[in-house]
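Just so it is clear: in the sequence shown, position 162 is 174 by the numbering used here, and no numbers are missing.
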Amino acid sequence: MFKKIVITLVTLVTLVTGLGYGAKYWVKSLLPEKAHFVAIKQTQVSDLPYVTENIPAYRGKILAVVTSVDKMGEDKDTGYEHTELARAYWVFTANGFAVDIASPKGGKPPVVIDGDDMGAYDYAFLNDDTIQQKLANTIALAEVNPNDYEAVYFVGGKGTMFDFPDNADVQNIAKTLYQNNKVVSAVCHGPAALVNVKLDNGEMLLANKKVSGFTNDEELFLIPEAKQLFPFLLEDKLIAQGAQFQAGSTYLEKVTQDGKLITGQNPWSVWTLAEKVVAEIGYQPKSRERTPEEHAIELLMTYDASGLAAAKAELKQKRHAYQRILIVMHSILAFMQFDMSKGIDLLSLANELKQLN
């Protein structure tokens, strides 16, 4: 994937700027050195004070639900999104909650790991033997007692579009927690769990609720044949079931809360969503240092709202650690959408980051 990013961007930059063969070396210079990725892959839980120090006393349990589906169509691999589980897991456990992981079938669920978006917390999750043992033996949803939990968190991943919507156990868990004034949360494709949840009063849980999830624009850009591949497009289905859909900018953070219902648009919404879950349960989320991924998304949101000059000013003022590859990836997205001005702006922003580091 990393090589594919370089090749794609070199091609686009060469076409747009006329830099020729020099484009290859300039683009590669915007990306982190290989040593950076080698080092971050070795991250252990013990390297992360946020999840090892000053943990509050036990506050109860949160249920994380992942998909059991490993294929879309005949040949497309899928599963739950690793970063969407890992980041929320760390927030919940750092704030004093135990996390049970369940799936429709139980056992070891399929996972999608996107190396281009991985940070220290994501690799620490992979490198923890206790967590991986828990993941190898997820609880079957039929065995879950929803009354044992303070909240449920439906993890995204395209597989959820196939095994969440019509699953009676998914529906019962969401309905039971919601009707008992507990938190129901979901991110990215995870809100597929909510589309057929009917409350005891006969109303759909989603009716007149403000909700976010993976948008049609995000879906169709990545998978042009999504309308044929999936049983529905998530945004369309949420709206059809009465939700007031809240769309943020493409591939940037967007979290929506409507009482006890908390939903996020995409993987970059997880940290904020998880902290809102903790707060809605009734606790002030533990203070933590924002990750390089989050700082990169915040910078992109500044650019999206106020332009390049504002983003560069923020960059020089705050001097955070940024995940530069996210800036480069968004430049690729802009070029692929024929927004050449934005693509060049974001390359300029990535170059500014390189100069400051």
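Cβ coordinates follow ideal geometry from the N, Cα and C atoms, glycine included.
Please read these numbers as outputs of a predicted model, since none were measured by experiment.
For I151, the pairing in a beta bridge is given by DSSP as A114.
The alpha-carbon of V78 is positioned some 7 Å away from that of T172. Taking 4 residues as the shortest admissible run, the stretch 302 to 356 contains the following complete alpha helix (DSSP H) segments, listed from N- to C-terminal end: 304 to 318, 320 to 330, 336 to 348. With 16 or more other CB atoms across the displayed protein chains lying within 10 angstroms of its CB, F166 is buried. By the criterion of at least three beta-carbon pairs nearer than 8 Å, the stretch 55 to 74 is in contact with the stretch 136 to 147. Assignment of alpha helix (DSSP H) within the stretch 44 to 68, counting only whole runs of 4 or more residues, yields 46 to 52, 61 to 64 in chain order. Residue nearest to G169 within the set D270, Q335, V103, F242 is F242 (criterion: CA-CA distance).
Here the C-alpha atom of T150 lies approximately 20 Å from the C-alpha atom of P203.
The alpha-carbon separation between A76 and V164 amounts to approximately 6 Å.
Counting only runs of 4 or more residues that sit fully inside the stretch 154 to 221, the alpha helix (DSSP H) segments are 172 to 175, 180 to 191, in chain order.
Taking each of T262, V289, I293 in turn and checking the Cα distance to N278, the smallest one comes out for T262. A distance of 9 Å or more separates the beta carbons of R331 and L358. Within the same chain, Cβ atoms closer than 7 Å to the Cβ of I337 are found at L43, P44, D128, the five residues on either side in sequence being excluded. In the three-state reduction of the DSSP assignment, G276 falls in the strand class, which pools E and B. By the Cβ rule, the stretch 265 to 282 counts as touching the stretch 207 to 225, because three or more pairs are nearer than 8 Å.
DSSP, read as helix, strand or coil, puts E93 in strand. Taking C-beta separations shorter than 8 Å and ignoring five residues to either side along the sequence, the partners of A238 in its chain run E231, L232, L245, following chain order. Taking C-beta atoms under 8 Å as the contact rule, G254 and N220 qualify, at a distance of about 6 Å. Bridge partners of D270 according to DSSP: L273. Note on geometry: alpha-carbon atoms of V289 and A114 lie some 18 Å from one another. Linking G85 to S299 through their CA atoms gives a straight-line distance of about 43 Å.
Boundaries of the beta strand (DSSP E) harbouring K73: 73 to 77, taken from the DSSP string. One thing to note: L153 has its Cβ within 9 Å of the Cβ of V182.
Cβ-Cβ separation between G131 and E305: approximately 5 Å, consistent with a contact (criterion under 8 Å).
Note on the stretch 228 to 271: whole alpha helix (DSSP H) runs with a minimum of 4 residues are 228 to 234, 238 to 241, 246 to 252, in chain order. With a contact defined as Cβ atoms closer than 8 Å, E364 and L327 qualify at about 6 Å. Counting along the chain, I293 sits inside the alpha helix (DSSP H) bounded by residues 282 to 293.
Among the bridge pairs identified by DSSP, M84 is matched with K88. Where Y70 is concerned, there is no enclosing alpha helix (DSSP H), because DSSP gives it neither an H nor an E.
Within 10 angstroms of the beta-carbon of H48 lie fewer than 16 other beta-carbons, which makes it exposed. Taking C-beta atoms as the reference points, V195 and E292 count as a pair closer than 9 Å. Shown here, G119 sits in a strand according to DSSP, grouped into three states.
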